[in-house]
Amino acid sequence: MPILKLSFRAWRNSPAHQTGAVLLSSSMLLSGAVLLHLERSVTHAAERVERETRFTVFLKEPSGARVQDEIRVRLGSYAETEIRAQEVSQSEVMEHLKKNHPDLHAEIRDMGTEGEQLVPHAVHVVTEVSPTLRGQAAEQLQGITGVENVQTSEGHAKVLRSPVHGLRWLLRALVIGVLAAWAVGWVALARSQAAGLEKIHQPLKLWGASEFQARLPGILAGLWVGIPSAILAGFSYSLLARPILTKLSSESILFASSGLTAFSICLSLALMSILAGAMVGWVSASSD
Amino acid sequence: MIALKQVSRWYSDSEFKSGKSSRILDQIELELKKGEFLYVIGGTGAGKSTLLRMMATEELPSAGTVSLFGYDLANASAAALRSIRQAVAHIPQKVNLIPDLSVYENITLSAQLAGSKSAGGTLRTRIIELLEKLGLAHKKDSRADRLSGGEAQRVSIAQALIRKPELILADEPTGAQDPDSAWGILDLLLRENLNGSTVIVATHDREMVRRIRKKTALLKSGRILVEDTLCRY
Chain Y
1 MPILKLSFRA WRNSPAHQTG AVLLSSSMLL SGAVLLHLER SVTHAAERVE
51 RETRFTVFLK EPSGARVQDE IRVRLGSYAE TEIRAQEVSQ SEVMEHLKKN
101 HPDLHAEIRD MGTEGEQLVP HAVHVVTEVS PTLRGQAAEQ LQGITGVENV
151 QTSEGHAKVL RSPVHGLRWL LRALVIGVLA AWAVGWVALA RSQAAGLEKI
201 HQPLKLWGAS EFQARLPGIL AGLWVGIPSA ILAGFSYSLL ARPILTKLSS
251 ESILFASSGL TAFSICLSLA LMSILAGAMV GWVSASSD
Chain D
289 MIALKQVSRW YSDSEFKSGK SSRILDQIEL ELKKGEFLYV IGGTGAGKST
339 LLRMMATEEL PSAGTVSLFG YDLANASAAA LRSIRQAVAH IPQKVNLIPD
389 LSVYENITLS AQLAGSKSAG GTLRTRIIEL LEKLGLAHKK DSRADRLSGG
439 EAQRVSIAQA LIRKPELILA DEPTGAQDPD SAWGILDLLL RENLNGSTVI
489 VATHDREMVR RIRKKTALLK SGRILVEDTL CRY
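Keeping their order, the protein sequence lines are chains Y and D. Sequential numbering from 1 applies to the first sequence in the numbering used here. Sequential numbering from 289 applies to the second sequence in the numbering used here.
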C-alpha cells in the first residue's frame, strides 16, 4: 500500500536519525518511569510513617495476656496492618532507665519496694492507624478494665515529614523535567518530519484524500518511532530497572512497593509513546 | 458545470493597492458545460496556469467567484472540496508527483484516493495499458524523482486519466513532449472528452489548436479576449 510505504520515508532516508530518536525517547521514558517509581515509593513510605502509631497502655497492675487480647479486639476496626502488642516488664523499664537516665534509675533502686510501685506496668502496641482516627482508638483502649492511662506516639514522624516531603517534590520536579525534555524531543522530531511530509501532504489533498488520509503517512511515521520507543522502554524497565528497584525495596522502606506495578508502568510508557507518535504525525502534516 | 464570475487574481494585496502589483487575471467571465472541450491560449505569463489552478481548487480568486459542480469554491465545506477534487484531474505544468513512490504507485494512489471503483486486478491492468499507450511501461517501477521532465509529465497524465474524472485540467500537457508523444496525449484527451469528461487544455501550441479545432479562450493581459467555437489565434 503506497501510504504505508510513505510512512517509512524517514526510516529509509535517515535511519540513524530515527534510531537515535527511538533510543533517546525510550531512555527518557525509562528515566521518567524510574523516577516515578521512586516518587511513588517515597509517597508510600511517607504515608506508612504518618500512619504508624505506637500506643503505650499503662496498666494499674500486671494483667497477663487478657489485656493484650482486649487491645487487639478494640483496635481491630482501626488498625490497617497487623497489631503488635507486647507487655513491658518492670525489669525492662529499669533496664531502659539504667541506660538512658542512670540518676533516676539509681534513685528508684535506692527506694526499695516503695520504688517498685513507681515503675509502671505497660503494654506497647504498634500498628498503622489513620491519623484522624488515632484519638478514637486511644479512647477505645482507655475503656479497657485495668488500664490506667494511654499515650500515643502522635507527632513522632514530624522529624521525618519535611525531608520526605522535600524528596517527593524533588522527584516530582525531576519527573516533570524529564517528561518535558521528552516532549521537546518529540516536537523537534515533528519539525524535522514536517519538511518531508509537506511534499506528500499537498499532492494527496489535491488527489482527493480526506484530512485523515492526507495525515496518515505522518501519523504512521510517528508511530514507527513511538512503538519501538515504547517496546524498548518497557523491556528496559522490566528487565533492568525493576529488578534493581525490587532489590532496593527489600533493603529500605523508602524503596518499598509503590503500588504501581511494573505492568502498569510499562503500559503507561507504551501508551505515552504511541500517543506522542500519533500526535507528532498529525501535527507534522500541515493543513491547507 | 464550471462558472467563473468576475474572477480576478493578484498576489499581494499591499502591492496591488500601491500599484506595484498588477492583476494576473482581471474580471474573467467563463462558463463551461459538461462534456465541452476548451483550449485556453495565451502567451507566457498570461495567467493560463493561474486560471487552471483556481479551477483545480489549489488557489482561490482575489475577487469574484469560481463555481464547480454547483459549489462556490471559496465557501465549499471540506467534504465538498474533497468530492470536487476526486472529480477533477489536474495535470500541472510543474508536475507534482510523490518522489518516494514508483510510477505505478503514484498512479495507483491517485486512483485510490479518487475513489476508483476498479478492483485491484482491473486497476492494475488499466494502469499498465495506459502506461503502454504513453510509452512508459518500462518505467513502471522507477521512482518518480528519477524520471525526465517529459516522462514525469506523462505520468501525471496517466494519473489524471486513470481516475476517469469529470473534469480534466491540462496545463501545457504536451510542452515537454516530442511531436509523436504530443499527438498521442492529445488523442487520449480527446477520447476522454468523447467519453463525457470536460477537458480544458492550456497551451501555447498554435499547431495543435489549428489542427484540432475546439472552443477557445484567449487570455491576454489577464483578460479573456476571445471565446469562440472557432480558433482565431
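Backbone N, C-alpha and C define an ideal beta-carbon position, used for all residues, glycine too.
Quick one: Cα of residue i to Cα of residue j, how far?
{"i": "Gly112 (chain Y)", "j": "Gln90 (chain Y)", "result": "13 Å"}
{"i": "Lys363 (chain Y)", "j": "Gln142 (chain Y)", "result": "Any question about residue 363 (chain Y) goes unanswered here, given that chain Y covers just 1 to 288."}
{"i": "Met279 (chain Y)", "j": "Gly222 (chain Y)", "result": "8 Å"}
{"i": "Pro2 (chain Y)", "j": "Thr43 (chain Y)", "result": "50 Å"}
{"i": "Asp297 (chain D)", "j": "Leu206 (chain Y)", "result": "It is Arg, not Asp, that sits at residue 297 (chain D) in the sequence shown. So the alpha carbons of these two residues sit roughly 20 Å apart."}
{"i": "Ala270 (chain Y)", "j": "Val295 (chain D)", "result": "53 Å"}
{"i": "Val376 (chain D)", "j": "Asp429 (chain D)", "result": "26 Å"}
{"i": "Glu480 (chain D)", "j": "Leu449 (chain D)", "result": "8 Å"}
{"i": "Lys382 (chain D)", "j": "Gly218 (chain Y)", "result": "24 Å"}
{"i": "Val292 (chain Y)", "j": "Glu70 (chain Y)", "result": "With chain Y covering 1 to 288 only, the question about residue 292 (chain Y) has no answer from this structure."}
{"i": "Asp360 (chain D)", "j": "Ala209 (chain Y)", "result": "20 Å"}
{"i": "Val497 (chain D)", "j": "Leu474 (chain D)", "result": "11 Å"}
{"i": "Ile500 (chain D)", "j": "Leu477 (chain D)", "result": "12 Å"}
{"i": "Gln68 (chain Y)", "j": "Phe58 (chain Y)", "result": "12 Å"}
{"i": "Glu454 (chain D)", "j": "Ala334 (chain D)", "result": "26 Å"}
{"i": "Leu320 (chain D)", "j": "Ser398 (chain D)", "result": "25 Å"}
{"i": "Ala425 (chain D)", "j": "Ile231 (chain Y)", "result": "43 Å"}
{"i": "Leu220 (chain Y)", "j": "Gly185 (chain Y)", "result": "18 Å"}
{"i": "Ala79 (chain Y)", "j": "Ser264 (chain Y)", "result": "29 Å"}
{"i": "Ser130 (chain Y)", "j": "Pro163 (chain Y)", "result": "21 Å"}
{"i": "Phe235 (chain Y)", "j": "Ser27 (chain Y)", "result": "11 Å"}
{"i": "Val354 (chain D)", "j": "Gly20 (chain Y)", "result": "49 Å"}
{"i": "Lys452 (chain D)", "j": "Leu4 (chain Y)", "result": "25 Å"}
{"i": "Ser284 (chain Y)", "j": "Val187 (chain Y)", "result": "9 Å"}
{"i": "Asn149 (chain Y)", "j": "Val34 (chain Y)", "result": "46 Å"}
{"i": "Ser371 (chain D)", "j": "Met342 (chain D)", "result": "16 Å"}
{"i": "Ala46 (chain Y)", "j": "Ser268 (chain Y)", "result": "24 Å"}
Using the rule of at least 16 other Cβ atoms within 10 Å of the residue's Cβ for burial, across every protein chain shown, is residue i buried or exposed?
{"i": "Lys322 (chain D)", "result": "exposed"}
{"i": "Leu104 (chain Y)", "result": "exposed"}
{"i": "His101 (chain Y)", "result": "exposed"}
{"i": "Leu171 (chain Y)", "result": "buried"}
{"i": "Pro461 (chain D)", "result": "buried"}
{"i": "Pro349 (chain D)", "result": "buried"}
{"i": "Asn246 (chain D)", "result": "Examination of residue 246 (chain D) is not possible in this model, given that chain D is present from 289 through 521 alone."}
{"i": "Asp288 (chain Y)", "result": "With a pLDDT of only 44 at Asp288 (chain Y), under the threshold of 50, the placement of this residue in the model should not be trusted, and no figure is reported."}
{"i": "Tyr299 (chain D)", "result": "exposed"}
{"i": "Val489 (chain D)", "result": "buried"}
{"i": "Arg12 (chain Y)", "result": "exposed"}
{"i": "Gly510 (chain D)", "result": "buried"}
{"i": "Ala106 (chain Y)", "result": "exposed"}
{"i": "Arg434 (chain D)", "result": "exposed"}
{"i": "Ser436 (chain D)", "result": "exposed"}
Identify which residue in the options has its Cα closest to the Cα of residue i.
{"i": "Thr145 (chain Y)", "options": "Y:Trp282, Y:Pro62, Y:Ala209 and Y:Asp103", "result": "Y:Pro62"}
{"i": "Ala194 (chain Y)", "options": "Y:Glu80, Y:Ser26 and Y:Gly281", "result": "Y:Gly281"}
{"i": "Leu23 (chain Y)", "options": "Y:Ser284, Y:Ser273 and Y:Val283", "result": "Y:Ser273"}
{"i": "Arg289 (chain Y)", "options": "Y:His165, Y:Ala85, Y:Val147 and Y:Ile71", "result": "An answer regarding residue 289 (chain Y) cannot be provided, because it is not within the stretch 1 to 288 covered by chain Y."}
{"i": "Thr53 (chain Y)", "options": "Y:Gly32, Y:Thr132 and Y:His17", "result": "Y:Thr132"}
{"i": "Glu95 (chain Y)", "options": "Y:Ser229, Y:Ile83 and Y:Arg109", "result": "Y:Arg109"}
{"i": "Tyr237 (chain Y)", "options": "Y:Leu30, Y:Trp11, Y:Gln18 and Y:Thr81", "result": "Y:Leu30"}
{"i": "Arg66 (chain Y)", "options": "Y:Ala85, Y:Gly32, Y:Trp224 and Y:Ser27", "result": "Y:Ala85"}
{"i": "Lys421 (chain D)", "options": "D:Ser390, D:Ala402 and D:Asp468", "result": "D:Asp468"}
{"i": "Glu50 (chain Y)", "options": "Y:Lys158, Y:Leu267, Y:Ser27 and Y:Pro203", "result": "Y:Lys158"}
{"i": "Leu245 (chain D)", "options": "D:Glu317, D:Ser365 and D:Lys427", "result": "Outside the displayed range of chain D (289 to 521) lies residue 245 (chain D), so it cannot be described from this structure."}
{"i": "Lys336 (chain D)", "options": "D:Ala470, D:Leu457 and D:Ser485", "result": "D:Leu457"}
{"i": "Ala233 (chain Y)", "options": "Y:Leu6, Y:Gly32, Y:Thr81 and Y:His201", "result": "Y:Gly32"}
{"i": "Lys199 (chain Y)", "options": "Y:Leu267, Y:Leu189 and Y:Arg215", "result": "Y:Arg215"}
{"i": "Glu211 (chain Y)", "options": "D:Asn384, D:Lys502, D:Arg373 and D:Gln447", "result": "D:Arg373"}
{"i": "Phe55 (chain Y)", "options": "Y:Gln136, Y:Gln151 and Y:Arg9", "result": "Y:Gln151"}
{"i": "Lys385 (chain D)", "options": "Y:Gln202, Y:Glu139 and Y:Trp224", "result": "Looking at the sequence provided, one finds Leu at residue 385 (chain D) rather than Lys. Closest option to Leu385 (chain D), Cα to Cα, is Y:Gln202."}
Interface residues of chain C around residue i at Cβ under 8 Å?
{"i": "Glu211 (chain Y)", "result": "In summary, chain C is missing from the structure at hand, where the protein chains are Y and D."}
Shorter than 7 Å, the distance from the beta carbon of residue i to the closest heavy atom of the ligand SAM, or not?
{"i": "Pro62 (chain Y)", "result": "No copy of the ligand SAM appears in this structure; indeed no ligand is present at all."}
The segment 434 to 468 of chain D: which residues have C-beta closer than 7 Å to a C-beta of chain Y, in chain order?
Of all residues in the segment 434 to 468 of chain D, none comes within less than 7 Å of chain Y when Cβ atoms are compared.
Determine contact between the segment 312 to 319 of chain D and the segment 239 to 252 of chain Y, defined as no fewer than three beta-carbon pairs at a distance below 8 Å.
no
Between the segment 113 to 125 of chain Y and the segment 69 to 89 of chain Y, can you find at least three pairs of beta-carbon atoms closer than 8 Å?
yes
If you measure beta-carbon to beta-carbon, which residues of the segment 182 to 203 of chain Y are closer than 8 Å to chain D?
Lys199, Ile200, Gln202 and Pro203
Across the segment 157 to 171 of chain Y and the segment 412 to 429 of chain D, are there enough close Cβ pairs to call them in contact, namely three or more that are closer than 8 Å?
no
May I ask you to list, following chain order, the residues of the segment 2 to 27 of chain Y that have a beta carbon less than 8 Å from some beta carbon of chain D?
Pro2, Ile3, Lys5, Leu6, Arg9 and Arg12
Validate contact between the segment 232 to 245 of chain Y and the segment 174 to 188 of chain Y using beta carbons, cut 8 Å, 3 pairs:
no
Given 8 Å, three or more beta-carbon pairs between the segment 317 to 331 of chain D and the segment 483 to 497 of chain D:
yes
Taking contact to mean at least 3 C-beta pairs separated by less than 8 Å, is the segment 124 to 143 of chain Y in contact with the segment 75 to 85 of chain Y?
Enough Cβ pairs lie closer than 8 Å, so yes.
Can you list, in chain order, the residues of the segment 341 to 359 of chain D whose Cβ is nearer than 8 Å to any Cβ on chain Y?
Ala344, Thr345 and Glu346
Given a limit of 8 Å on CB to CB distance, which residues of the segment 475 to 505 of chain D reach chain Y?
none
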